[in-house]
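Written out below as structure tokens is the structure these notes cover.
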Amino acid sequence: GAGLKGLGDVPNIAGRSPGNIARQVYYFQTGDRGGSSAALMKAVVDKLAADDVVAIAAYVASLEP
């Protein structure tokens with residue numbers, strides 16, 4: 158959703174800890190994360206490098222929850 162504040166069954170991720178965000182991205186990449194949106198997310202994060210994940214996690218964590 159707007160501002161990464163969630164939408165429907167997709168949770169708010171703005172302001173979450175960078176470690177949590179990076180871990181969830183890793184789980185999507187490896188297929189260890191399930192749920193209705195997991196297949197969509199896997200396609201998005203599949204080719205991210207570790208530096209990309211760190212940058213995304215830092216950005217998301219910097220947002221106001």
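Under the working numbering, the first residue of the sequence shown carries the number 158, and numbering increases by one thereafter.
Cβ coordinates follow ideal geometry from the N, Cα and C atoms, glycine included.
Alpha helix (DSSP H) segment containing residue i, residue limits
i, result
"Asn177", "Pro175 to Thr187"
"Leu197", "Ala195 to Val202"
"Ala212", "Ala207 to Ser219"
Beta-carbon contacts of residue i that lie in its chain and below 8 Å, excluding the five residues immediately before and after
i, result
"Ala215", "Pro175"
C-beta contact flag for residue i and residue j at 9 Å
i, j, result
"Leu205", "Gln186", "yes"
"Glu221", "Ala159", "no"
"Arg173", "Ala207", "no"
Proximal residues to residue i (C-beta, below 6 Å), its chain only, five neighbours per side dropped
i, result
"Ala179", "Val210 and Ala214"
"Leu164", "Gly158"
Contacting residues, own chain, Cβ-Cβ under 7 Å from residue i (five flanking each side not counted)
i, result
"Asp166", "Ser193"
"Tyr244", "For residue 244 there is no data in the structure shown, the boundaries of the chain being 158 and 222."
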